[in-house]
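Before any comments, here is the structure.
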Amino acid sequence: MAVPKRKTSTTRRDKRRTHWKLEAPAMSTCDHCGSAKRPHRVCPVCGYYNGVEVVHIQEA
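Residues are numbered in our numbering as their position in the sequence shown, beginning at 1, plus a constant of 13.
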């Protein structure tokens, strides 16, 4: 069975784990309707991006 020759240092262990962060995605407000949306994406509520209607949202 393979066994490590030396103990892994805490610095080396922590450098390996730096990319396992869980954080909420960045949010911004829509200029058209004011709802929360991801930056640089079309608003899922109204379909506007940068003041232009890109996607027509049908109301049910």
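Here a beta-carbon is modelled for each residue, glycine too, at the ideal position from N, C-alpha and C.
Beta-bridge partners of residue i, as assigned by DSSP
i   : result
E66 : Y61
T23 : Answer by DSSP bridge pairing: none, since T23 is not bridged.
S41 : K50
Exposed unless 16 or more other CB atoms sit within 10 angstroms - verdict on residue i
i   : result
K50 : buried
C46 : exposed
Whether residue i touches residue j by CB criterion (8 Å)
i   : j   : result
S41 : P57 : no
Among the options, the one whose alpha carbon lies nearest that of residue i
i   : options       : result
V65 : C43, V16, R30 : C43
Open item on the list: Using a Cβ distance threshold of 8 Å, determine whether the stretch 35-52 contacts the stretch 17-26, with at least three qualifying pairs required.
Closed with: Inter-segment contact for the stretch 35-52 and the stretch 17-26 is absent: fewer than three beta-carbon pairs are separated by less than 8 Å.
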